[in-house]
Each structure stands twice: as C-alpha cells, then as structure tokens.
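In what follows, a structure is listed as structure tokens, so that the remarks can point back to it.
Number of protein chains: 2
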Amino acid sequence: MQVVRALHLRRYPGGVADLRVDAERNRARLITAAREVFAEQGLDASMNEVARRAGVGVATMFRRFPTKDDLITAVFADKMHAYAAAVDDALADPDPWHGFCTHVERICEMQADDRGFTDVLTVVFPTAKAFEALRDRAGLGFQELIVRAKATGHLRQDFVHQDMIMILMANAGVLTATAQSAQDTWRRLVGYLIQSFATEAAAPLPDPPTPPQLYRALLRQKR
Amino acid sequence: MQVVRALHLRRYPGGVADLRVDAERNRARLITAAREVFAEQGLDASMNEVARRAGVGVATMFRRFPTKDDLITAVFADKMHAYAAAVDDALADPDPWHGFCTHVERICEMQADDRGFTDVLTVVFPTAKAFEALRDRAGLGFQELIVRAKATGHLRQDFVHQDMIMILMANAGVLTATAQSAQDTWRRLVGYLIQSFATEAAAPLPDPPTPPQLYRALLRQKR
DNA sequence: TCATATGTGGTGTGGGTACTCCACTTACAC
DNA sequence: GTGTAAGTGGAGTACCCACACCACATATGA
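Line by line, the protein sequences are chains A and B.
Per this note's numbering, residue 1 is the first one in the first sequence, and the count goes up by one each step.
Per this note's numbering, residue 224 is the first one in the second sequence, and the count goes up by one each step.
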C-alpha cells in the first residue's frame, strides 16, 4: 500500500506539473502549436489542426486539455498577464496622457498580432471566467490611468473605462475583416479614436453602456 | 411538340418569375423568414432554421435558392439598394457636413438593425460579387460627398473614402460583441469617430489601405 | 529485469452544417 | 376530367466539429 501510494504521488523533475517527461514534452508541443494556430486562425481553429501541427494524437491532446477552453486558457495565460501588466507600465509613464495613448495602442497591437488573443479579449465565453481576475486588475489600473490623464487636461472628461472595451471590440472587427489583406487598417482606426479622446471641442456623446451591461456582453457570447 | 413547348414556356400571372402560385407563395415565405432569421442571428444562421420558420421543407428551399448565397442575395437585395440610395439623400442635403454625419450614422444604424446586413457589408464572400455594382455606386457617391464636406471646412482633409469601410468593420465588431447586451454601444463609437473626422487639430494619421487592398479584404473572407 | 501507473494514437460518436434524392402531390392547359 | 410538368417534404449524404474509447506502448521506481 505504501508502495502504491509512493507510485501514485511520484513527481518528475523539471516538469510544469507531475508529468512524465514524454507527457511534458507533448504538452509543450501542444501549447506551441496551439499558440501558432490560434494566432493565425483565431479561436475558430479546429482542435484536430492543433494536434496535427503538434505531431501528437488528438486523444493525447484531450487527455492533457480536456476541453478546448482548457487549451485556450493555457495558451493565453501569459498574454493575459502581459495585458494586465501593461497598464502598470502605462501608469509608470511620467506623462499620463502619453501613457494613456501608448497603452491603448499597445493593447490594440497585441490584438493585431494574435487573432486568437483578439477573440479572447472580446468574443469568448467560459474562457472569460478564467481570466476574470486579470481583466479586473487591468480594468482598475486603467481607471486610475484615466483619472490621471484627465487631470492633464488632454483626455476628454466624458471618457469612461468602458470605452476601452468598446475600442477592443471595434478593433476586433477591423482586424477580422482585414485578416487577409490591408492588415494595418487598425492603426488608422486607433489613430482616429485617440484623436477623438483628446479633449478639445468635445460635443456630447451617446451614453456608454454600464459596466454590468458590458460584462454581460462579454460573457454571453459563444459563437 | 408545339404543345410540349407551350407547357414548358408557360407563364403564371403576378409572380416574380414564371412560378406556379404555390411556389411563389413559398418563395415569399422563405424570403420573409430568412429576413427575420438573418436579422436576428446574422448570416451564420442555419438554412434549416429558415425553412422551419418559413414552414416549408428544406428541399423546397434549396430548389428555389440552390445555395445559401442565393438566398442571402435575394434577401438583402433591397437593403443593398437602400444602402446605395442613402448616399443620394446625403448629397441632397444642403449642408454637406451635416449630410456626411447623417449618412455615416444612418448606414451604421442599418447595420445595427440587422445582424445579417452587418455581415453582408463587411464579412462575406461570394455575395459580395452580386452586390459589387451597388457597392461601387455607393462608393462613388460617397467620394463626392467627401469632397463637398471637405469644402465646408468641417471634414478633415486626410479623410478618404476607404475610411467608410473601416467604420463599417469597426461598427460590425462592436455590434457582434454587443448583440446580447449593451446594444447601443455602437452609437458611442460612431459619436467618437465623427468627432474625430471634424477637422480641427488633426495630427497625422497612419496611412489608409489602398482601395484594392480593402476590396481584397472584403472578398477574401469566407468564415 | 520487471510490474504497472501513466501515456499514447487511431478510431468512433453524436451533433452540427449545407445540400441532394426521390416517391409523392398539385396546379395548370387542354 | 385528365395528363403532366412543376413543386413538394422527409429522409439521406458527405463533411466538419469537439470529444470519448480502448488496445497497445513506455517511462519509471524497485
């Protein structure tokens, strides 16, 4: 009994979890392949394609990542951390308005570089729950950034943090439509938007959605 | 032989084409049902759903509209005509800048009212060819509108007609992401953009895509 | 070397899609 | 009324998807 227990609890060195070395190698291959495939094709890419590109069987993949969402979560964990960390960089900028503009561009560029990440940020369901905390953290930091940027007098007073989500959605639309051609169009969109966020001569805008409304919009998707 | 020919070529009164009255009735039902289904669910809605809602068999539907694209083309023909005609209304406005703003809002509202039309304008493949002429007509009129709006001094000089397609893409992104909640978010996006198009204090923007690039982007989609 | 928990990949399943086949029915011309 | 081209719908096809099953292989501790 002691022996069985020892076997059951054994740990392999250097792996992410307690995996056999071959399993760990395949896990890494799967993550790498999925990262590529999702970046190219978005989250609509098929699991078969991921397994094929990783050079492992589909059953192996589903043993390691029981659902597609598990794989998505594993693949985009680091990008989501980078997303949450980016706002700290922006807050560290001595010029809050410059930090604000740079931040918006940077996040949109992260979307542009990875179709899958675009989807993760705007269009996907249960994955959203896994990244809830990171989203919240980024949101809070962004609110602070807004306060400071408004204080400089450059950011219009009626800007709200929900507008960032709106930007991500709009950017996602341009990016998916220009995935095969005119790939830089998003830069122009963001250029227009940022100039609109500059405070001068602001006419009243339609009301923004409330945060709960937007949160529901992010969750209710499934495609 | 004469008789056979007469039968083969016979025409039924009042129908769109030479259809039997029951066939014509079912055709109308299919169009109506498809209009509703596509408006609610976008072009991803299934053909089965359309047939079910029309109360006809799938075979009947596919006899009348051999491919999904044929149905889409038939359903959105009038909206595409309205789309092309809208720019004439805008040109008729004595204040070109007002006409420009109203036009942009109106087209975006057409998208907001019909998820299928949103897809038709930005995201779909062979349907695009069927509506090519109407797209071109709208594009030419819009270019004239731009010239006049710039002449008033209200529209920034670096605005190009490709930007309208970009707006449609961005709007499509917001609309699909907010289909279930926060449905009015698009109005705020358009508000921001229009204010950005007003010429004052325009910093240089990233280059727009060339028209051929954008055209390819519209055609290469398929989903 | 050996026992075995763990890992493996090919194949299968249930459900979705757009689209087709075919035996039956109906509207029309005469 | 009758012949028949035209129209009909349910069941079927081929293909995609995420995911499950299972006989076989292998890394590992003893």
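No residue lacks a Cβ here, since even glycine has one placed at the ideal position from N, Cα and C.
Problem - Residue burial classification, A:L140 (beta-carbon count within 10 angstroms, cutoff 16) - result: exposed
Problem - 6 Å Cβ shell around B:C324 - same chain, five flanking residues per side excluded - result: I417
Handout entry: Neighbourhood of B:Q406 by C-beta distance below 7 Å, restricted to the same chain and skipping five residues each side
Key = none
Exercise for the section: Taking all protein chains shown into account, decide if B:Q366 is buried (16 or more other Cβ within 10 angstroms of its Cβ) or exposed. Expected result: exposed
Problem - Within-8 Å CB hit, B:D359 to chain A - result: no
Problem - Integer-rounded CB distance, given that B:R360 should sit under 8 Å from B:A282 - result: Not a contact, Cβ separation roughly 36 Å.
Handout entry: For B:V370 and B:P236, the rounded distance between their alpha carbons
Key = At B:P236, the pLDDT of 43 sits below 50, so the modelled position is not reliable; the number obtained from the coordinates is stated separately. Going by the C-alpha atoms only, they are around 48 Å apart.
Problem - Between the CA atoms of A:V123 and B:G322 - distance to the nearest angstrom - result: 34 Å
Practice task
Measure the alpha-carbon distance for A:L219 versus B:Q403 and round it to whole angstroms.
Solution key: 10 Å
Handout entry: B:L378 (DSSP reduced to helix, strand or coil)
Key = strand
Exercise for the section: Could you work out which residue in A:D163, A:A198, A:A172, A:W186 is closest to A:Q213 when comparing CA atoms only? Expected result: A:D163
Practice task
Identify which residue in B:L378, B:A305, B:A351 has its Cα closest to the Cα of B:C331.
Solution key: B:A305
Exercise for the section: Report the rounded CA-to-CA distance for A:R64 versus A:L134, giving the unit in angstroms. Expected result: 24 Å
Problem - Limits of the alpha helix (DSSP H) - the one that A:F131 falls within - result: Where A:F131 is concerned, there is no enclosing alpha helix (DSSP H), given that its DSSP letter is neither H nor E.
Handout entry: C-beta contact flag for A:D50 and A:A34 at 8 Å
Key = The question names Asp, but residue 50 of chain A in the sequence shown is Val. Cβ distance < 8 Å, so A:V50 and A:A34 count as in contact.
Exercise for the section: Note down the Cα distance separating B:V279 from B:I388, rounded to an integer number of angstroms. Expected result: 37 Å
Handout entry: Contained alpha helix (DSSP H) runs [length at least 4] in the segment 243-319 of chain B, N- to C-terminal order
Key = 244-264, 270-277, 281-287, 291-315
Problem - Chain-order list of residues whose beta-carbon lies under 8 Å from that of B:P349 (same chain, five-residue window excluded) - result: D292
Practice task
Output the distance between the C-alpha atoms of A:V104 and A:A23, rounded to the nearest integer angstrom.
Solution key: 39 Å
Practice task
In angstroms with no decimal places, state the Cα-to-Cα distance between A:L145 and B:L266.
Solution key: 39 Å
Problem - Distance, A:M61 Cα to A:N26 Cα - result: 8 Å
Practice task
Starting from B:D342, follow the alpha helix (DSSP H) in both directions and report where the run begins and ends.
Solution key: 338-345
Problem - Rounded distance between the beta-carbons of A:R106 and A:E40, thought under 8 Å - result: The pair is not a contact, with the Cβ atoms about 21 Å apart (cut-off 8 Å).
Problem - Classification of B:P317 by the beta-carbon crowding that lies within 10 angstroms, buried from 16 upward - result: exposed
Practice task
For A:L30, collect the residues of the same chain with a Cβ closer than 6 Å to its Cβ; drop the 5 residues on either side in sequence, then sort them by chain order.
Solution key: A54, M61
Practice task
Return yes when the Cβ of B:L412 is within less than 8 Å of the Cβ of B:A393, no when it is not.
Solution key: yes
Handout entry: Beta-carbon gap between B:P429 and A:R187 smaller than 8 Å
Key = yes
Practice task
Please check if any C-beta of chain B sits within less than 8 Å of the C-beta of A:Q111.
Solution key: no
Practice task
Answer with yes or no whether the minimum CB distance from A:D95 to chain B is below 8 Å.
Solution key: no
Exercise for the section: Determine, using beta carbons only, whether B:P432 and A:T32 come nearer to each other than 8 Å. Expected result: no
Practice task
Indicate whether B:A300 and A:A172 have their beta-carbon atoms separated by less than 8 Å.
Solution key: no
Exercise for the section: Examine chain B for any beta-carbon lying closer than 8 Å to the beta-carbon of A:A39, and answer yes or no. Expected result: no
Handout entry: Spatial neighbours of A:A6 in its chain, beta-carbon cut-off 6 Å, leaving aside the 5 residues before and after
Key = Confidence at A:A6 is low in this model, with a pLDDT of 36, below 50, so the placement of that residue is unreliable and no value is reported for it.
Practice task
Please name the residue, chosen from B:R275, B:M303, B:F354, B:A372, that lies closest to B:A315 on a Cα-to-Cα basis.
Solution key: B:A372
Practice task
Give the residues from the segment 419-439 of chain B that approach chain A closer than 9 Å (Cβ to any Cβ), ordered along the chain.
Solution key: S419, F420, A421, E423, A424, A425, A426, P427, L428, P429, D430, P431, P432, T433, P435, Q436, L437, Y438, R439
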